[in-house]
Amino acid sequence: MHPDELIEKLRENVEITDRTYRLETYEDCFVGEEACAWMVEAGVARDIEEAERIGNLLLEAGVFHHVLREHKFENDYLFYRFSSDEDHGRKAESGSGGKVSWSDVFGPAHPGDSGVGLQPRMPDDVMLQTATKVDQIGVEPMDEANVELLDQVHPPAWVNPEPKDRYNMVVIGAGTGGLVTAAAVAGLGGKVAIIEKHLMGGDCLNFGCVPSKALLRAARAAAEVRRAGEFGVHVRGEVEIDFGQVMERVRAVRAQLSHHDSAERFAKELGVDVFLGEARFSGPNTVRVGETELDFAKACIATGAQPAVPSIAGLKEAPYLTSSSLFNLTELPARFGVIGAGPIGAEMAQAFSRLGAQVTLFDIQERILPREDVEAAEIVHRALEEDGVVFRLGADIGRVSSGDESSSICVHLNVGEAGRETCKFDQLLVATGRRPNVTELGLEEAGVEFDERHGVAVDDRLQTTNSDIYAVGDVATRYRFTHAADFMARMVVRNALFFGRQKFDDLLIPWCTYTDPEVAHVGLYPRDLEERGINYRTLTQPFDEVDRAVLEGESEGFVRLHVDDSGAILGATIVGPRAGDLISEITVAMRAGMELDTLADVIHPYPTTASAIRQAGDAYNRTRLTLTVKKLLRRVLSMRR
Numbered sequence: 000m001h002p003d004e005l006i007e008k009l010r011e012n013v014e015i016t017d018r019t020y021r022l023e024t025y026e027d028c029f030v031g032e033e034a035c036a037w038m039v040e041a042g043v044a045r046d047i048e049e050a051e052r053i054g055n056l057l058l059e060a061g062v063f064h065h066v067l068r069e070h071k072f073e074n075d076y077l078f079y080r081f082s083s084d085e086d087h088g089r090k091a092e093s094g095s096g097g098k099v100s101w102s103d104v105f106g107p108a109h110p111g112d113s114g115v116g117l118q119p120r121m122p123d124d125v126m127l128q129t130a131t132k133v134d135q136i137g138v139e140p141m142d143e144a145n146v147e148l149l150d151q152v153h154p155p156a157w158v159n160p161e162p163k164d165r166y167n168m169v170v171i172g173a174g175t176g177g178l179v180t181a182a183a184v185a186g187l188g189g190k191v192a193i194i195e196k197h198l199m200g201g202d203c204l205n206f207g208c209v210p211s212k213a214l215l216r217a218a219r220a221a222a223e224v225r226r227a228g229e230f231g232v233h234v235r236g237e238v239e240i241d242f243g244q245v246m247e248r249v250r251a252v253r254a255q256l257s258h259h260d261s262a263e264r265f266a267k268e269l270g271v272d273v274f275l276g277e278a279r280f281s282g283p284n285t286v287r288v289g290e291t292e293l294d295f296a297k298a299c300i301a302t303g304a305q306p307a308v309p310s311i312a313g314l315k316e317a318p319y320l321t322s323s324s325l326f327n328l329t330e331l332p333a334r335f336g337v338i339g340a341g342p343i344g345a346e347m348a349q350a351f352s353r354l355g356a357q358v359t360l361f362d363i364q365e366r367i368l369p370r371e372d373v374e375a376a377e378i379v380h381r382a383l384e385e386d387g388v389v390f391r392l393g394a395d396i397g398r399v400s401s402g403d404e405s406s407s408i409c410v411h412l413n414v415g416e417a418g419r420e421t422c423k424f425d426q427l428l429v430a431t432g433r434r435p436n437v438t439e440l441g442l443e444e445a446g447v448e449f450d451e452r453h454g455v456a457v458d459d460r461l462q463t464t465n466s467d468i469y470a471v472g473d474v475a476t477r478y479r480f481t482h483a484a485d486f487m488a489r490m491v492v493r494n495a496l497f498f499g500r501q502k503f504d505d506l507l508i509p510w511c512t513y514t515d516p517e518v519a520h521v522g523l524y525p526r527d528l529e530e531r532g533i534n535y536r537t538l539t540q541p542f543d544e545v546d547r548a549v550l551e552g553e554s555e556g557f558v559r560l561h562v563d564d565s566g567a568i569l570g571a572t573i574v575g576p577r578a579g580d581l582i583s584e585i586t587v588a589m590r591a592g593m594e595l596d597t598l599a600d601v602i603h604p605y606p607t608t609a610s611a612i613r614q615a616g617d618a619y620n621r622t623r624l625t626l627t628v629k630k631l632l633r634r635v636l637s638m639r640r
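The sequence shown lines up with residues 0 to 640 when you count with numbering that gives the first Met the number 0.
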């Protein structure tokens with residue numbers, strides 16, 4: 000029997016009706032054991048066991064699901080509902096019976112061109128003056144990968160669902176924080192809607208973590224080929240880089256990962272009502288999407304942040320790039336300028352230099368990565384210089400202008416007394432920070448206080464000045480990391496819906512800058528400890544004393560830990576290979592309240608880079624061998640002879 004015929008027959012032969020279990024009514028559902036009995040009776044299945052297997056194949060295909068999405072298909076008194084009987088939003092159908100795709104809009108897609116609070120003080124982003132309009136940033140080129148991406152994260156002609164009478168939670172913004180909030184509420188059986196005006200997946204998927212790390216991987220491959228001679232592996236001639244193919248792969252892996260954040264997955268698989276459109280609060284407990292009004296018990300603002308640019312004369316009129324448009328490039332700029340030497344600027348400067356561009360990195364400050372450990376930042380600085388990046392730190396940029404026939408854009412520096420210097424580029428990336436998305440949301444109507452610089456005001460439980468509205472992610476914190484938004488979302492679900500009292504200050508948030516070498520950090524910096532008057536000592540384990548790092552030719556860097564008088568770990572910085580992975584071991588130790596001497600007792604496989612952490616623990620234990628202790632131990636040894 001053809002699957003379509005089986006589904007039609009199943010619908011005809013099971014009773015679909017409202018059913019009640021433990022005082023809860025479930026609409027339009029059928030019973031699993033009745034469906035199994037019909038399949039055996041109709042000869043679709045030989046026995047009940049085969050009927051369950053067929054049912055689970057249909058369930059995995061999304062034909063129907065358990066009403067609470069908590070069970071597989073079973074021969075039991077369990078309720079299931081056909082997906083077609085639910086309305087969570089859907090892709091529009093084309094005249095041919097398929098789903099409308101962006102390829103229908105743009106034509107066939109071409110394949111491409113080849114104890115102590117351990118959160119450190121976070122400084123304000125510098126030079127945040129003017130916000131770009133993220134919703135005006137397009138996705139280019141319209142090749143197969145980008146058509147697939149857009150079909151997933153912003154399907155054309157999406158049909159919004161009919162709103163429920165009242166939602167447990169309405170989420171505004173479908174980046175990491177919003178998606179985690181919506182998925183969690185739906186998974187717990189709540190009625191939840193999510194509203195997105197741009198692209199599902201937010202910055203992380205579309206313009207941030209995903210495409211940037213894919214680009215960094217290509218850049219690292221180029222650097223590894225150039226270094227191969229150090230290991231006796233010789234590549235004849237120059238390394239040839241096909242930038243068009245590099246960007247094809249970036250777009251392809253982004254599209255590959257986009258299903259997880261797609262509108263259709265959240266609607267069909269998770270049971271979230273997905274609305275595509277602009278959201279605006281119309282009252283303390285209502286929000287409008289176009290002409291549709293949604294009523295909520297609780298709401299979560301997860302609108303994220305967008306690139307912000309400095310108030311430099313002429314910049315707004317010049318053809319600059321931000322992280323939102325950078326990954327639309329298909330040709331390598333021969334001369335690439337970067338304004339901003341924070342994480343994004345440093346990562347992209349190194350990547351483009353490794354891929355063959357002449358890169359100049361500007362910053363008003365005198366050093367790169369100003370938030371990080373000074374020595375760690377210096378190591379990264381040297382690495383970028385070795386890759387060919389030219390630094391203009393402490394730069395006084397007077398103005399920016401569109402270029403002439405020899406360039407696309409010019410940066411004009413003030414040098415000395417009335418001096419001027421012009422730097423010409425083919426592309427200019429502005430990476431000077433981010434600004435929270437708080438405008439045009441109707442926050443005033445909802446009674447939510449906000450600031451265009453710092454975002455939505457929340458308390459330590461992420462509650463806004465409207466007790467029914469919470470906020471997560473970049474719109475509500477200076478810790479603008481995907482993983483921070485994730486755990487803020489989990490906190491909001493507990494606090495808003497289940498009487499939780501979890502505090503944001505309780506979160507221990509590590510982070511990493513993915514230059515080569517990487518810089519990772521968790522907990523407090525020395526400046527935080529000194530501001531709080533906490534006694535501490537610092538232990539540093541250089542990687543040039545770690546065998547695996549030496550073997551790999553990656554011995555530049557260190558593991559550095561700050562501990563109090565009892566050995567409790569208060570903070571740590573790692574600069575070196577895979578620092579972002581290594582920092583997790585220290586994060587676990589801090590979260591579990593372990594002292595540094597405990598890490599010295601953890602056996603690590605030999606040789607591994609992570610053994611540097613154990614070696615730091617050994618170094619700490621040696622500091623505990625005071626003269627008195629050593630004298631006592633010598634006496635014990637003499638008695639044992």
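Each residue gets a CB set at the ideal place from its N, CA and C atoms; glycine is no exception.
Buried or exposed (CB count within 10 angstroms, at least 16 for buried), residue i
| i | result |
| --- | --- |
| residue 148 | buried |
| residue 624 | exposed |
| residue 542 | buried |
| residue 24 | exposed |
| residue 497 | exposed |
| residue 626 | exposed |
| residue 196 | buried |
| residue 0 | exposed |
| residue 440 | buried |
| residue 721 | Because residue 721 is not part of the residues shown, which for the chain are 0 to 640, the question remains open. |
| residue 602 | exposed |
| residue 260 | buried |
| residue 432 | buried |
Those residues which DSSP pairs with residue i across a bridge
| i | result |
| --- | --- |
| residue 408 | 401 and 424 |
| residue 573 | 519 and 558 |
| residue 498 | None; residue 498 has no bridge partner. |
| residue 28 | 16 |
| residue 336 | 359 and 427 |
| residue 390 | 360 |
| residue 469 | 299 and 462 |
| residue 286 | 280 and 293 |
Distance CB(residue i)-CB(residue j) smaller than 8 Å
| i | j | result |
| --- | --- | --- |
| residue 622 | residue 436 | no |
| residue 428 | residue 325 | yes |
| residue 471 | residue 461 | yes |
| residue 424 | residue 330 | no |
| residue 276 | residue 286 | no |
| residue 569 | residue 528 | yes |
| residue 185 | residue 61 | no |
| residue 165 | residue 295 | yes |
| residue 579 | residue 548 | no |
| residue 363 | residue 394 | yes |
| residue 299 | residue 180 | yes |
| residue 192 | residue 169 | yes |
| residue 81 | residue 58 | no |
| residue 619 | residue 119 | no |
Any chain B beta carbon closer than 8 Å to residue i
| i | result |
| --- | --- |
| residue 264 | Protein chain content of the structure displayed is limited to a single chain, and chain B is not contained in it. |
Cβ-heavy atom distance, residue i to the ligand NAD, below 7 Å
| i | result |
| --- | --- |
| residue 178 | Absence of the ligand NAD from the depicted structure is noted, as is the absence of any ligand whatsoever, leaving it without description. |
Rounded Cβ spacing between residue i and residue j (contact assumed at less than 8 Å)
| i | j | result |
| --- | --- | --- |
| residue 155 | residue 86 | The pair is not a contact, with the Cβ atoms about 19 Å apart (cut-off 8 Å). |
| residue 412 | residue 396 | 6 Å |
| residue 434 | residue 307 | 4 Å |
| residue 245 | residue 354 | 7 Å |
Distance between residue j and residue i (C-alpha atoms, nearest Å)
| i | j | result |
| --- | --- | --- |
| residue 387 | residue 369 | 21 Å |
| residue 267 | residue 67 | 13 Å |
| residue 305 | residue 361 | 21 Å |
| residue 190 | residue 492 | 13 Å |
| residue 117 | residue 591 | 13 Å |
| residue 282 | residue 3 | 46 Å |
| residue 571 | residue 479 | 19 Å |
| residue 545 | residue 611 | 6 Å |
| residue 372 | residue 485 | 26 Å |
| residue 419 | residue 406 | 18 Å |
| residue 475 | residue 404 | 44 Å |
| residue 636 | residue 630 | 10 Å |
| residue 560 | residue 513 | 20 Å |
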